[in-house]
Amino acid sequence: MLEEEHIYIPVDQSEEVVAVPLSDLPDDPEEIVDVLKAEVVPFSLWVDFARAYLAQDKLPQYQKLLSFGTLKDVEDFYRERGKFESIQLLCELAATHVDAARAESSRSSKTERLAQAATLLTRARQLDYQEQLPSIGLGELALARDDLEGAKREFQQAAKHRSNGKENVAGILMLAKLYFMQGHYADALKMYKAALRKHPGCPPQVRLGIAFCHFHLGRPKLAEAAFNRTLTLDPFCSSAYLGLAVLSLNSGTKQGHAQGVQLLYDAYESDPSNPDLLALLSQHCLVHNCHEEARELAAAAVKLAQSDKQRARCVVLEGRACHALHGAREAFRCYTQARKLDAKLPLPLYGLAQLNLLQAESFKTSINLLETALQQVPGWQDALQVLGQLYSKMPDKAVKSLAKFKEAAARLPKSLEVWEMLAELLATTDPAGSLHAYKKALDIYRADHPAKNGAKQDMANGHGPSAVPVNPKLLNNAAVMYMRGGNVRLALELMEEAIQAAASGEAATNVTASNQVTMGYNHARLQESCGHRKEAETSYKGILAEFPGYIDCYLRLACLQARRGDLEAAHEWATKALAASSNNPDALAVQASLYLADKDKSQWDKAKEILEKQLLGKHENRHDAYAQLALGNLFLNSISHSAKAPGTEDRDSKQFTRALALFKRALDQNPGNLYAVNGIGAVLAEQGHLAAAHEIFAQVQEVSAASEGFFQMPEASVNLASAALAQLSFNPSIQLFQSCLRRHFHGQSSRVLLYLARAQYDANMLIEAKQTLQRAAHSSPWDSTLAFNLAVVMQEYAVRELKKERQPGDPNKFDELERAGTQLAQAWRFFVQQKSLLDQPGKHALPVDKKKLAAHLAFCSTTFKKAKDMIASAFKEQVSATEVREAAQVAIQRAAQAKKAEAWARQQKAEQARLELEAAGRQNAARLERLKQEWRENEAARQAAEQGDASKVDRKRKKDQQAAAEEAAFIEPDDDLDGQEYRPGDESDDGQEGAPDIEDEPEDPESAAARLAGTGLMSDSDEEEAPAGDVDRANHADPDEAPGEEVPAHRSRLKRFRDPGQQADPPAATPLDDNNMDDNMDSDGQEQDVSQAAKRQRAALLDDSDDE
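For the sequence shown, position 555 (counting from the first letter as 1) is numbered 625 according to my numbering, and the numbering increases by one without interruption.
What follows is the structure, given as structure tokens:
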């Protein structure tokens, strides 16, 4: 039994006990073992004495006592009474072997130790397969062997078993530890929570595990709460202080940083032997440049480390401190030791790579170390940054390793540093990709930092300047890539922003003087590209005034003067550049290019000497690509293109061979050199291999088009069009020349316009060729070659027009011949001008000699004389043809006028007929209306007569007489009721034939009824009821009238007859309206004389007057 500072041993067969003070334990545990055996004590006392030795750090005595307790005879003696204690001793002894194996550096010793531990744990499991301790021990053994799956199986088994028959959460905690080691923090948190639920009173370390799980899962608030709860349960838990300190330091605020430092001090005071705490303090000192203190803390942490991995991290910190103190050897020792302790730790590899670079060793070793570190930690920004700088010096290695940086950019899409490094790596091999990476970096930068306008607004509001640092390097490099891509406007804006950022704010302290002058030069270069040449020239001169040794400014000034055509001034600036740096290859190349640009080919020898001797002739410049290409072009252009004199073939063949060799050499050095490929195509084209040359030029153009504007090669497009022209493909050649002008020269290159005119000339498009040459001459009026070719085209056009075969009577003959004469005269004037220039030797270089020019002049003069006669003859033909045409036109006009007059007469006649017809219609309508009115009055009179009102009848009679008189006075043609022509008043003897006699010729009642229906006086119902030839069966007799009584004329005129056998209908009193004109007559009216009724009816019709 164990009580505080004593262990009490019961005396066998007695009630007495022997007290053994813990402070006075014998150094030899055999004494204790003898006592334990003699007194036959409970087996638990063996465990108590063993742990007492362990508590006093007496590890050998502890192991020896455990060894005695695990002897076979002891185990057999206590098999039944102390089975659990036997398992405890076996497992604890096995744990000592596992710990010793982890500390062993020898592989064989480590294996032996682990084998011994496995034997002990197997014995313990055989004692009780349901016991928890053996499973936990076997899990630890699997961890020591790096068998994570085996450890997981054992810990899961331990979580299901019990310890000495009691439930124990140790298995769950070991499983949580395993998950935490594997980085499965969510699963670890789940296990820790399960242990806490099963045993709420578990040690504070469980809550500490929960806190660290929340920390790694990115839950700082929950982690902070768990750390505070741990400190509540254990105020001296240094690990909890450490976790809170890390949370505070990561807050990013000054208050959080101060609080974090204070927590580190509190943790150190509570437990100065915590290796993790010492390691964090060491790292904190490194950040604040306290390297000596960092080294001491790291060394102390190394001594207190409890595992190889923990010890490796502490050794790395010690090495970093030594590295910062310029102790390269000690740092190398620390990095090497850490690498041996933990081969998977990337920090030692990074440190070793840096040391190799400091010792000026091969880049390959450092690259290999950094690549190994990136394999362990993909996307590690520090390693990528160093590796990117090394790759930039080894292009062949960079191409193969770009995948690492692209993968890192995919893993860290918001990392500004990764995208910037990727952009720098791609700048030489993939400029389009580099520009994309710079765009991405700029987007990230502008998203994470306030814009310039925001900073200005803050200053205006009194908040002071923005404290966010600006990165001028990023802006400068992005501007350079934009310029290479052709977007000079945006490049200029970015460069101006970079200069402004470098001149103010915190970034100004990080920009050196050399960086500032570089940005100034880039700004001037962009001004030049934007067309602001005067401003660029001023900037170049300003830089030279402050930095006279800046060679690039001299060279750009030389190029500006050469572009203006002032080669003498350009040579002066190039000479100044060589005076500042005599062997500068760029200055020598510019001077050679100026000699090559001179039209005087005698200057080419000077260019050849510079290129061959001063550039390629020196060892350090023997691989200069520009010199190789320039010398190759010189050999190619020196070949004569005129009629070859005897013996020039061999010389030209040698020139071709030398040019081709130089181009191939440049291509071998850089397979992506498109200029070298273009040069090879030019050589093949000059040698007559047009198909091969055409293929090469097409490939160069495809690559140039696919580069998104970074490789602008108008020469390749011109050469491709020229090759098509040489193959007699005129239309494709013309299209290619036009496309080249539009894409690369804005339609203003006189040289390409001359090539286009030649293609149009060969395609018999003389008018287009003339217009093209006029455009070229307008842009370069001093170029005599353009004027001569324009004269040749005019001459050829005139000759072809004069020789053109025309049909007799061609109306365009005179105009075409006159135009040809004008063109011929203009060509003659151009030739005269060329002759006057040719008489001034040394000042103007012309494409022809005097003899050829004289031949052109003589030909134009002779042809113009013939053209005058042809023009005069064509004029006469045109005059006679004009007279004939005019006469024909007069006849045509007269015929047209006659036809027009005839058509007008027909139109007038038709219009008159229409008017007459409309007048007749109006008259008939008026008459019909009068008749209707009369019928109404007659009906009213009839009704008055029936009622005995004589006054109305008299008024009606008088009115009828008056109307008859008026009708007789106003006679107009009208249609008769039977369809014959009838005129009112014809009943008088006027001597006209054919006038019907109403009194003498009785009319059939059916005819009268038909005429009445024809005038529209019958209603629709009457027409439907009375068929043709029948009597009206719809009228009824008046019962008031006697048979045989005479009926008034105004009633009898509308009378109809019924069938005599038909019975009379009942009398009807329905009044008549306009649509129903039937009379209410007696049935006796059938006896009336039909002829007399017809006469009365017609008389009534003729006596109607217009009451309206």
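Heads up, the beta-carbon is just placed ideally off N, CA and C, and yes, glycines get one too.
Asked, Found
"Simplified DSSP state of K688, which is helix, strand or coil", "coil"
"Straight-line gap, H593 to E566 (C-alpha atoms, nearest Å)", "7 Å"
"Residue of M491, D832 and A502 minimising C-alpha distance to L544", "M491"
"Option nearest P483 by Cα separation, candidates A453, K510 and L460", "K510"
"For S179 and S309, the rounded distance between their alpha carbons", "33 Å"
"Helix, strand or coil at S584 [DSSP, three-state]", "helix"
"C-alpha distance - T842 paired with A548, whole-angstrom precision", "40 Å"
"Beta carbon of L374 nearer than 8 Å to that of P418", "no"
"Buried versus exposed, by CB contacts within 10 Å (16 or more), V90", "buried"
"Spatial distance of L440 from A408 (CA atoms)", "16 Å"
"Element boundaries [alpha helix (DSSP H), containing S777]", "First-last for S777: undefined, no H or E at that position."
"Cβ distance (whole Å) where G313 is taken to contact F285 below 8 Å", "6 Å"
"Exposed unless 16 or more other CB atoms sit within 10 angstroms - verdict on M589", "buried"
"Pairwise C-alpha distance: E871 and G879", "16 Å"
"Pair within 8 Å by beta-carbon distance, A187 and A164", "yes"
"When I514, C384, T498 and F934 are compared against A349, the one with the closest alpha-carbon", "C384"
"Option in R215, C392, G209 and A659 with minimal Cα separation from L245", "G209"
"Opening and closing residue of the alpha helix (DSSP H) in which H814 lies", "F800 to H814"
"Helix, strand or coil at L243 according to DSSP, with G and I counted as helix", "helix"
"Selected residue, minimal CA-CA separation from L923, among R964, Q904 and K938", "Q904"
"Per-residue burial, K410 [other beta carbons within 10 Å of its own, 16 or more giving buried]", "exposed"
"Short Cβ contact (8 Å threshold) for A662 with I680", "yes"
"Distance between beta carbons of A833 and M864, contact taken as under 8 Å", "Incorrect: roughly 17 Å between the Cβ atoms, too far for contact."
"L495 and M551 closer than 8 Å at C-beta", "no"
"Boundaries (first-last residue) of the alpha helix (DSSP H) holding F518", "One point to set straight first is that residue 518 is Asp, not Phe, in the sequence displayed. Element bounds for D518: P501 to D518."
"Limits of the unbroken alpha helix (DSSP H) element including T302", "P290 to L303"
"Whether L287 touches A256 by CB criterion (8 Å)", "yes"
"Distance, I613 Cα to E563 Cα", "20 Å"
"Simplified DSSP assignment, three categories, for K676", "helix"
"Given K222 as reference, the closest of N234, A258 and T192 once Cα atoms are compared", "A258"
"Cβ neighbour criterion (16 or more within 10 Å) applied to M251", "exposed"
"Assigned exposure category for I77 - 16 Cβ within 10 Å defines buried", "buried"
"Beta carbon of K474 nearer than 8 Å to that of F433", "no"
"Straight-line gap, Q570 to V447 (C-alpha atoms, nearest Å)", "38 Å"
"Reduced DSSP category for H12 - H, G, I as helix; E, B as strand; rest coil", "Residue 12 is absent from the model: the chain starts at 71 and stops at 1178."
"CA nearest to the CA of L486, picked from R812, D513 and L732", "D513"
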